[in-house]
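Structure, as structure tokens:
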Amino acid sequence: MKDYSQSVSDLFDSQLNEWDLARDNYRQLDNVKVRKIFFAEFEVVVQFNPGRITSSAAKVDASSIEARPCFLCEKNRPAQQRGISFEQDYTILINPFPIFRRHLTIVNNTHTDQRIEGNFLTMLRLAEALPEYVIFYNGPQCGASAPDHLHFQAGNKGFLLIEDDFRNRDLCTKVEVDNDTELWSWQKYGRGIMTLRGLDKQALAAAFDNFYARFALTQPERPEPMLNILASYSNNTWIIHVIPRKLHRPACYFAEGKDKILLSPASVDMGGVLITPREEDYDKITSADISGIFMQVCFSGKEIKSLTEDILL
Ligand SMILES: [Zn+2]
Numbered sequence: 234m235k236d237y238s239q240s241v242s243d244l245f246d247s248q249l250n251e252w253d254l255a256r257d258n259y260r261q262l263d264n265v266k267v268r269k270i271f272f273a274e275f276e277v278v279v280q281f282n283p284g285r286i287t288s289s290a291a292k293v294d295a296s297s298i299e300a301r302p303c304f305l306c307e308k309n310r311p312a313q314q315r316g317i318s319f320e321q322d323y324t325i326l327i328n329p330f331p332i333f334r335r336h337l338t339i340v341n342n343t344h345t346d347q348r349i350e351g352n353f354l355t356m357l358r359l360a361e362a363l364p365e366y367v368i369f370y371n372g373p374q375c376g377a378s379a380p381d382h383l384h385f386q387a388g389n390k391g392f393l394l395i396e397d398d399f400r401n402r403d404l405c406t407k408v409e410v411d412n413d414t415e416l417w418s419w420q421k422y423g424r425g426i427m428t429l430r431g432l433d434k435q436a437l438a439a440a441f442d443n444f445y446a447r448f449a450l451t452q453p454e455r456p457e458p459m460l461n462i463l464a465s466y467s468n469n470t471w472i473i474h475v476i477p478r479k480l481h482r483p484a485c486y487f488a489e490g491k492d493k494i495l496l497s498p499a500s501v502d503m504g505g506v507l508i509t510p511r512e513e514d515y516d517k518i519t520s521a522d523i524s525g526i527f528m529q530v531c532f533s534g535k536e537i538k539s540l541t542e543d544i545l546l
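According to the numbering used here, the sequence shown is numbered sequentially starting from 234.
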């Protein structure tokens, strides 16, 4: 697998040089406000990021999606936006509305629905090609603001808290091993996550497929079962966090007045960095609010256990 680190770094340099909107938005990251919120066993970061309002408040119902030109299709992209080809079917772009210092969108070259089924191995190859990044996938009903156009995102490593939290044995432990593939389970983390770690792409994909088939049965009315995925690669090893979801947006998203918190959780939030595009929400959000949000949108550890039992076999 070719390492894309240098060509992506060059893409950043040239795009920030020639594309005013992107340069301004990356500079704005210097002014983004962050604060930590502490729980008994872990912490999260809240980021006030007004540039993300379009994404967080995106209308993703079928008629709204149909009515707008797709911003990931090449013909509708800004003239200044250039990309790097990845394999036959994908283009690596810099995301002009960043959360991370280095934030990429990897788009399919055709306008085709956002689905993980059949594309999981692409995600693992992306992680391998971009070892300085965490690759993430938001399902079509679970945070993707373009549910009609297949894409992944990537953000520089060292930003999401889940990376370190995974090394904390009080939070995460190995529960099953089959050859080179491991299943890990989380406790006291407030949100149910299935984590796979291993050396063998095909075996990891087989384990994911087993999980997916079982999970899909519980949400038969949906185009795909709701989930977020974070994947990274180092030392010949993939680490994949799958966050199955019960709900797209929590009740506080839809509340009015002082009860409203405009937070639309997706992969980054599940990774421990919660994005609030409105300053009032950033100021007022508490650990109890966050626990409540996780509880509404995620499965419990117990539920994850039954969804993941024997998936390595
Ligand atoms: Zn499109």
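By construction, the Cβ of each residue, glycine as well, lies at the ideal position given by its N, Cα and C atoms. These numbers were taken from a predicted model, which means no experiment stands behind them.
- Closest option to residue 270, judged by alpha-carbon separation, among 375, 543 and 519: 519.
- In its chain, beyond the 5 residues on either side, 416 and 545 have a beta carbon closer than 8 Å to the beta carbon of residue 410.
- It is roughly 10 Å from the alpha-carbon of residue 420 to the alpha-carbon of residue 402.
- Under the criterion of beta carbons closer than 8 Å, residue 305 and residue 377 do not qualify as touching, at roughly 10 Å.
- Inter-residue distance for residue 279 and residue 459 is about 23 Å (C-alpha atoms, whole angstroms).
- Judged by DSSP secondary structure, residue 435 falls outside any beta strand (DSSP E) and instead within the alpha helix (DSSP H) spanning 434-451.
- Judged by DSSP secondary structure, residue 427 falls outside any alpha helix (DSSP H) and instead within the beta strand (DSSP E) spanning 427-431.
- The beta-carbon distance between residue 362 and residue 234, rounded to whole angstroms, is 6 Å. This is short enough to meet the 8 Å contact definition.
- Using a Cβ distance threshold of 9 Å, residue 259 and residue 311 do not count as a contacting pair.
- Counting only runs of 4+ residues, the alpha helix (DSSP H) found wholly inside the segment 277-333 occupies 286-289 and 295-300, in chain order.
- Inclusion of residue 277 and residue 404 in the CB contact set at 9 Å is not warranted, their separation being larger than that value.
- Secondary-structure assignment with DSSP links residue 387 through a beta bridge to 337 and 368.
- Secondary structure note for residue 539: its alpha helix (DSSP H) is the uninterrupted segment 534-541.
- A residue is listed when its beta-carbon falls short of 6 Å from at least one non-hydrogen atom of ligand 1; in chain order these are 303, 305, 306, 344 and 382.
- Here residue 533 is exposed: its Cβ has fewer than 16 other Cβ atoms, across all protein chains shown, within 10 Å.
- In the structure shown, residue 241 falls within a helical segment according to DSSP collapsed to helix, strand and coil.
- For the segment 506-530, the continuous beta strand (DSSP E) assignments of 3+ residues that do not extend past its boundaries occur at 506-509, in sequence order.
- In the DSSP assignment, the residues bridged to residue 461 are 371 and 476.
- A distance below 9 Å separates the beta carbons of residue 335 and residue 389.
- With respect to the 9 Å criterion, residue 498 and residue 530 are classified as neighbours on the basis of their beta carbons.
- Residue 465 and residue 359 have their C-alpha atoms roughly 9 Å apart.
- The shortest C-alpha to C-alpha distance from residue 385 to any of 328, 431, 406 and 470 is the one to 328.
- Sixteen is the threshold: since fewer than 16 other Cβ atoms of the shown chains lie within 10 Å of the Cβ of residue 273, the residue is exposed.
- In the three-state scheme derived from DSSP, where H, G and I count as helix and E and B as strand, residue 415 is classed as strand.
- Contact between residue 413 and residue 433 is confirmed by a C-beta separation of about 5 Å, below the 8 Å threshold.
- Within its own chain, the residues whose Cβ lies closer than 8 Å to the Cβ of residue 485, once the five positions on either side in sequence are excluded, are 492, 493, 494, 496, 522, 525 and 526, listed in chain order.
- Closest in alpha carbon position to residue 370, among 253, 539, 501 and 255, is 501.
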